[in-house]
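Numbering (this note's numbering), first residue to last: -4 to 379.
Virtual Cβ for every residue (Gly too), placed ideally from N, Cα, C.
Just so you know, these numbers come straight off a predicted model, no measurement behind them.
Please read the structure below before turning to the comments.
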Ligand SMILES: Cc1ncc(COP(=O)(O)O)c(C=O)c1O
C-alpha cells in the first residue's frame, strides 16, 4: 500500500478490493470535483451548457491526451471502450465477405460487437489464437498468420481482460501498416497502468478507459483516431455537432452528463502526488506478489503462473483443472469468494481452464492477497 492512499477511497472496508481492473475506483478528490460540477450544472444548466462548456471539454481532452502521450488533435472523448468500438465499427464501410481479425483474448463485448457485424453485414470473424505467455514475435506471427486479402480490420487488446496479457501493439501496428490493414487497439486497461502508452504507436484507432487505472469517474475514455480516418468517422447518433466534424460530433451527442469528463483531469493529480513511476511500480510488484502467494497456496510452480509482460498490474492464477470452466460456474465461484472470503476478484474461463485475476492498486496491501491465499484452497475443496 502506498502510505496515504487508502484514505482517498470510499471502498467498503469489509472487503479486499482485488479487482480494480473491472471498474476502477474513484478517489475522493475526483468525486468532490465532480460533485462541484454537478452543483454547477444543476444550479443552472443553461449557463453551463451555453457558456464555455466546449472549451472546458476541450481542456479536459487535451489534459488527458497529454497524459497518454497522445496527439490531442487526434483524440475524442467517449464514454467507454464499448462505445468507442461501436463508433469505429460504424465508421468502416464493411462489405459482405470482408474479414475482421481478433484474438482469442478479445474482450467479450468487443467480440460480440464484431460478431454482430457478421450478422448484419456478412463480415467474417477470424479468431487468431495467441498462446498464454507468448513472446512478442510469437504474438505478431500468430496474428499476422490470419491476415489476408479480405482483412478490413484487426483488433488487438493492448492488455487483455480475462488473461491479463500485454500484447506488442506498436509492432503489430507497424506490421499491419506494411500490409495496408487498419488496426484498432483495445487499450481499455492501459491509461494509468502504462506510462505514455500512445507516445510510440501509430495505430488507426486506439481507445483506452481513464476510469479504470487513471482514477477518472466512470464514463471517461479517449479514442485516438489517425488523421487518415477523420473524415470517415461516423458517430452513433447525428447531433447538432454533426457539421463540426471530428471530434465534436463524437463528443456532443445531445444532452449528457459532461461532469465525468470535466472531473477526470483531477484524477491525474494523484500521479503527481504519489509519482507516476512509484504508483506503476508499486502496482506491478504487488500484483506479482498476489499471484505468487495465491499460486503457492494452490500448489502451483512459478512456471505455471503466466507472466503478463512488463508494467501490468493484473495477474492471473490458473484454477484446478475442470473448475469453473464455463461462464455460469465462474460467476458462481467468484461470488462465493466475495461472500466467504470477502475478496473481490475477477474470474474467467479461457480455453479449457478458469483463471482467477487479481489487480493491484495503491490502496491494496500484501495482507489482502495473503487472506485470499489462506482461504482459497479450502473454499475450492468445499465448492467442488
Ligand atoms: C480489454 C477490455 N476491453 C474493453 C472493455 C470494456 O470497457 P467498458 O466497459 O468501459 O466499455 C474492458 C472492460 O473491462 C476490457 O477489459
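- What you get when you keep residues with a C-beta closer than 5 angstroms to any heavy atom of ligand 1 is 75, 76, 77, 102, 152, 156, 181, 183 and 204.
- For residue 329, the enclosing alpha helix (DSSP H) starts and ends at 322 to 336.
- When the Cα atoms are used, residue 379 and residue 307 turn out to be separated by approximately 31 angstroms.
- Taking residue 116 as the centre and dropping the five residues before and after it, the same chain places the C-beta of 89 closer than 6 angstroms to its C-beta, in chain order.
- The residues 343 and 345, in chain order, have a CB closer than 6 angstroms to that of residue 157 in the same chain once the five nearest residues on each side in sequence are set aside.
- Comparing C-alpha distances from residue 235 to each of 185, 243 and 229 shows the shortest one belongs to 243.
- Excluding residues up to 5 positions away in sequence, 263 lie with their Cβ nearer than 6 angstroms to the Cβ of residue 62 in the same chain.
- Short of 7 angstroms from the beta carbon of residue 191, and not among the five residues preceding or following it, lie these beta carbons of its own chain, in chain order: 63 and 64.
- Distance between residue 325 and residue 300, taken at the CA atoms: about 19 angstroms.
- Nearest in C-alpha terms to residue 131, of all of 154, 274, 153 and 163, is 163.
- Counting C-beta atoms within 10 angstroms of its own C-beta, residue 153 has 16 or more neighbours from the protein chains shown and is therefore classed as buried.
- Rounded to whole angstroms, the separation of the alpha carbons of residue 114 and residue 266 is 44 angstroms.
- Looking at the backbone, the Cα of residue 310 and that of residue 338 are separated by about 15 angstroms.
- Restricting attention to 144, 3, 259 and 354, the CA atom closest to the CA of residue 32 is found in 259.
- A check of alpha carbon separations from residue 128 across 222, 341, 303 and 361 identifies 303 as the nearest.
- Runs of beta strand (DSSP E) with 3 or more residues, each lying fully within the stretch 105 to 175, are found at 119 to 123 and 146 to 152, listed in chain order.
- DSSP places residue 313 within a strand segment (E or B) once states are collapsed to three.
- Here the stretch 250 to 259 lies against the stretch 45 to 63, with 3 or more beta-carbon pairs under 8 angstroms apart.
- At the C-beta level, residue 108 and residue 80 come within 7 angstroms of one another.
- Rounded to whole angstroms, the separation of the alpha carbons of residue 140 and residue 91 is 22 angstroms.
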